[in-house]
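Numbering-wise (the numbering used here), the sequence shown opens with residue 1086 and increments by one. Here's the structure we're looking at; comments come further down.
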Amino acid sequence: MPLLEPKPEALRPRTLGGPSPDRLPEHRAAGTPEVLRTELTDLLGAEKVLWKVSDLVRYASDASPYRFVPQVVVIAEDIDDISAVLSYAHGRQREVVFRAAGTSLNGQAQGEDILVDVRRHWAGIEVLEDGRRARIRPGTTVVRANAALARHGRVLGPDPASALACTLGGVVANNASGMTAGTTRNSYRTLSSLTFVLPGGTVVDTADPLADEELARAEPALCHGLLAVKAEIESDPALVARIRAKYEIKNTNGYRLDAYLDGNTPVEILRGLMVGSEGTFGFLAELVFDTLPLDREVCSALLFFPSLPLAAAAVPQFNEAGALAVELMDGNTLRASVAVEGVPADWADLPKDTTALLVEFRVPDEAALAACEQTAGAIVAGLPLVAPVPSVTNAFTRDPHTIAGYWKARRAFVAAVGGARAPGTTLITEDFAVPPARLAEACEALLALQAEHGFDAAVAGHAAHGNLHFLLAFDAARPADVERYAAFMDAFCRLTVERFDGSLKAEHATGRNIAPFLELEWGPRATELMWRTKKIIDPDGVLAPRIVLDRDPQAHLRGLKTIPRVEAIGDPCIECGFCEPTCPSKDLTTTPRQRIVLRREMMRQPPGSPVLDGLLAAYGYDAVDTCAGDSTCRLACPVGIDTGALMKEFRHHRHSAREERAAEFTARHFATVEKAAWLAVAAADRISGRIGDGPLRAVTGAARKAVRPDLVPEWLPQIPGAAAPGLPATRRAGAAAVYYPACINRIFGGPDGRQGPDRRSRPSLPEAVVAVSARAGKPVWIPRDVAGTCCATIWHSKGYEAGTRVMANRIVEAAWGWTAGGRLPLVVDASSCTLGIAQEVVPYLTEDNRALHAELTVVDSVVWAAEELLPDLDILRTVGSAVLHPTCSMRHLGDEGGLRAVAEACADEVVVPDDLGCCAFAGDRGMLHPELTASATAREAAEVTAREFDAHLSANRMCEVGMDRATGRSYHSVLLELERATRP
């Protein structure tokens, strides 16, 4: 064991909440049973089988209120893996559930036996026919697919609120629709063809002209059974009419029986049945969508009403006027949305019954938009609108920023309300539809029913389509609360069906919580046809049992998960999974959601639990060490949960008092440390130049084993040489700004720093910043005493609180003096350092220094160039093409636009990869855990290296090193490119 290996005990929760009734029992502590693990490992390979108890627990939760721990998790890479798992399950009488994003709200992504991850290796999109169609792999998110289509002026029909995270395989499997899809733009209507794997292993491509012929040979009984059900349905006019009527409004409850009416052959019938089948009929391996025009002329309004019924009553007018979206948010939703960044703070003061409609028109041209605005204005004039707080305008706008803010609040509905729930309570998301003309009546009935059962739910939804969602919170650990929820569900389902003939699931699919009520909605005849269909397609019941069909009337009460309280940062998490696509470690170890899920299971366990010991043993590396700490999870989370900050807290907990003192010592003597680091880099540069990188890697490798991998960096060939020994000479008199070269740029040189005689062919970054500023007539001044100062990120990222406090206060005091009390801006040449000085140091400052910090204007050098220099610079030469890597810090600062602006001045073509992500180099973490950067950059690197670019540009030296390593290309600062473009 390494000398300074941290002890797992340091991460043990200080107070345990267990034992909880749904805790993982002690006999599961060893993880996957040995026989199952061995057989699947022999079948697939060890790298595709996750078996530790921590692996099983982290995959046990999704966005639903349910929790089922699998026996094993398989990471499937291709159809051969899928077929092998299905064949194994048939032979061993086991069950299989497929899981992609885990954003489903009814437990569809959970299984109790073999769980197959079909997200990690299943992303990709091929745009066809200039965007009119798209071939998409099932692990591709909706946002990623639409990014590729937008360049062609096209968009997918389904637009669920979870588009950032949900994958197209899940969208089709649930027939999820969203804000605008309704019944005409959903997957059932816009899916052109698909390729799927049946439970028996047969692969079917519905676009293949020979598909029916081949299916008849491979699965004759299946084909006969489907045609027999089709004939039976078509022979009953009343049943046909009933089926057609059920799909006049949004409905995803049960199987798509209209597939028997719309399809003429077994393959055509299967094509329809697969939509909304929730993984119970087969694996969706590839999807081909017919896309829709992306209308770019938009106007929107957020209109406030005194009550929910009055808002609902206004919906038909906007439907008749052609609004593409009419979204409803009640008072509870609006007030909870205050937690969402950008939402007006005064919404917290809205009266209880206030309800808003978000109305949007999207059309192809200006004339059509003007007509829509005129029609909408006439409607608004006759509505009983209110403006109970100053931010309310009740007016249509074309401003993209305002419109984006409206939609951000709307899409955050589940997470925002969930984040505001009482601590320790479980969140239930219900989803129903009624005929749109009866929406107001349904709202009144729902409010009355909630009051009767003691709930004060939040309500939102797609009012244009008569589709509402409401959220209930209760304590799943208290039997009385569960009984209250059960009584409400019984009454709610009967109300929806018997009074309104509505759909119990409009777009979230049946799932575990509505399966017991399927027959209530569809009646015994149609329900039995669904059971027959399942038996025909999956006669052995291998795929996802109990997710759509379940004869147990109490099935929706089984597996409800408790939500033990955890650290304050993570406690509001509802496990929605919105954070996962942005997480650098998602394909290596854990995601932000899983880090919190694992913590909650620790809290469920009693003291001395072997399960708890197993979770702690894995948590250090899987959760803490391999977190890049970039906090992009906070940007993706609707309520801003910063799991990166939580992992930094845990790093602090693992430090001994000696380590904290040592870190503080380095901060107090950083001038000496900085000089020593420069000398070490210069020496390493000379050594590697003479004898290669091998000896350096061997030495650092041995030190990592002896000391601790998380403390000793690994030598990488891409590490640049030392920076020039001195900074450029500048003058304070006449300076337009103070220029602060970050310590990383004072220690490490640029991309040419290790190329001997050619070193002077490109200036250093400080030389470039000084030069372009002077050319624009806005000279900068570098203080002579910058050595020994730092943005404090070195300590902050590792959880060294005392060291962070020392350096945070030092840099603020120095900056205040350099800038003459804030009269000059402080220009910083590394985006992570800009973020550190501008934001991250604040919690560590003394009260006096917080006052000084408030007077500073901290500007990233790229923004300085874009806003202050470019207007006064002459571009004398450009490169043909450039690819950008905007850093995570730029996202936090909102500075990506500046990077693009400077790049567009220097290159004829500028590309930001669709698969852009955090490089996870994170200062030195890419040297401490190179496997993290390799995993985080894999997709972006594949996209970048698929073609040639003349320049590879970014705005942070270590991120550039990380991308160098990932792509084999040479990245450099966009400011170096600007210097070249403007050099006389």
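All residues carry an ideal CB built from backbone N, CA and C; glycine is no exception.
Going by Cα to Cα distance, which pick from the options is closest to residue i?
| i | options | result |
| --- | --- | --- |
| R1860 | I1960, P1294 and T1265 | I1960 |
| P1245 | G1503, V1314 and G1546 | G1546 |
| D1656 | G1644, L1683 and D1635 | L1683 |
| E1211 | R1205, D1202, I1221 and S1392 | I1221 |
| V1995 | G1626, H1977 and H1970 | H1970 |
| R1650 | A1752, G1504 and A1809 | G1504 |
| V1411 | A1386, D1431, V1134 and I1804 | A1386 |
| P1910 | K1863, H1881 and V1428 | K1863 |
| I1832 | L1701, V1871 and L2013 | V1871 |
| E1604 | G1361, R1636 and T1676 | R1636 |
| A2031 | V1968, R2042 and M2012 | V1968 |
| A1396 | R1816, T1439 and H1881 | T1439 |
| A1266 | D1198, L1409 and Y1332 | L1409 |
| A1500 | V1325, T1287 and I1726 | I1726 |
| R1179 | L1443, E1458 and P1155 | P1155 |
| D1672 | L1731, G1551, L1614 and D1140 | D1140 |
| I1488 | D1450, V1444, P1520 and L1524 | V1444 |
| A1185 | A1233, A1131 and A1250 | A1250 |
Taking C-beta to C-beta, are residue i and residue j nearer than 8 Å?
| i | j | result |
| --- | --- | --- |
| K1883 | R1736 | yes |
| A2040 | L1984 | yes |
| V1373 | V1289 | no |
| F1183 | V1203 | yes |
| T1376 | V1240 | yes |
| A1433 | R1447 | no |
| T1226 | P1677 | no |
| A1095 | R1569 | no |
| C2003 | D1715 | yes |
| L1435 | P1473 | yes |
| L1393 | L1279 | no |
| H2014 | T1711 | yes |
| I1632 | R1597 | yes |
| S1670 | A1730 | no |
| V2029 | C1991 | no |
Excluding the five sequence neighbours on either side, which residues of its own chain have a C-beta within less than 6 Å of the C-beta of residue i, listed in chain order?
| i | result |
| --- | --- |
| E1515 | F1555 |
| G1187 | D1147, A1194 and G1662 |
| E1851 | Checking the displayed sequence, the identity of residue 1851 turns out to be Pro instead of Glu. Within the same chain, P1851 has close Cβ partners L1812, P1813 and P1826. |
| P1104 | P1691 |
| A2051 | T2022 and A2026 |
| V1823 | W1866, W1903, T1904, L1909 and L1911 |
| M2048 | H1970, C2004 and Y2056 |
Which residues share a DSSP beta bridge with residue i?
| i | result |
| --- | --- |
| R1229 | None, per the DSSP bridge assignment. |
| V1282 | V1288 and F1368 |
| Y1570 | None; Y1570 has no bridge partner. |
| A2071 | Only positions 1086 to 2069 of the chain appear in this structure, which leaves residue 2071 out of reach. |
| S1262 | Bridge partners of S1262: none, in fact. |
| D1244 | G1263 |
| A1558 | L1512 |
| F1833 | A1807 |
Please work out which residues of its chain come closer than 8 Å, Cβ to Cβ, to residue i, disregarding the five sequence neighbours upstream and downstream, and give them in chain order.
| i | result |
| --- | --- |
| P1842 | The predicted model places P1842 with a pLDDT of 32, which falls under 50 and marks its position as unreliable, so this point remains unresolved. |
| L1213 | A1219, R1220 and V1373 |
Do we get a CB-CB distance below 8 Å when we pair residue i with the residues of chain B?
| i | result |
| --- | --- |
| L1409 | The chain labelled as chain B is not found in the depicted structure, where only one protein chain is given. |
Tell me which residues share the same chain as residue i and place their Cβ nearer than 7 Å to its Cβ, disregarding the 5 neighbours each side in the sequence.
| i | result |
| --- | --- |
| R1099 | none |
| D1347 | G1357 |
Would you say the beta carbon of residue i comes nearer than 7 Å to a heavy atom of the ligand PLP?
| i | result |
| --- | --- |
| Y1706 | This structure simply doesn't include the ligand PLP, nor any ligand for that matter. |
Length at least 4, wholly inside the segment 1344-1412: the alpha helix (DSSP H) runs in chain order: 1344-1347, 1351-1359 and 1393-1405
Completely contained beta strand (DSSP E) runs for the segment 1148-1194, where each covers 3 or more residues: 1157-1160 and 1181-1184
Unbroken stretches of the alpha helix (DSSP H), 4 residues or longer, contained in the segment 1599-1636: 1603-1622
Length at least 4, wholly inside the segment 1644-1691: the alpha helix (DSSP H) runs in chain order: 1677-1689
Beta strand (DSSP E) segments (min. 3 residues) lying fully within the segment 1494-1545: 1511-1518
In chain order, each beta strand (DSSP E) run of at least 3 residues that lies wholly inside the segment 1991-2016: 1992-1996
Runs of alpha helix (DSSP H) lying entirely within the segment 1897-1973, each at least 4 residues, in chain order: 1916-1920 and 1932-1939
Ranges of the alpha helix (DSSP H) found wholly within the segment 1731-1767, counting only runs of at least 4: 1742-1753
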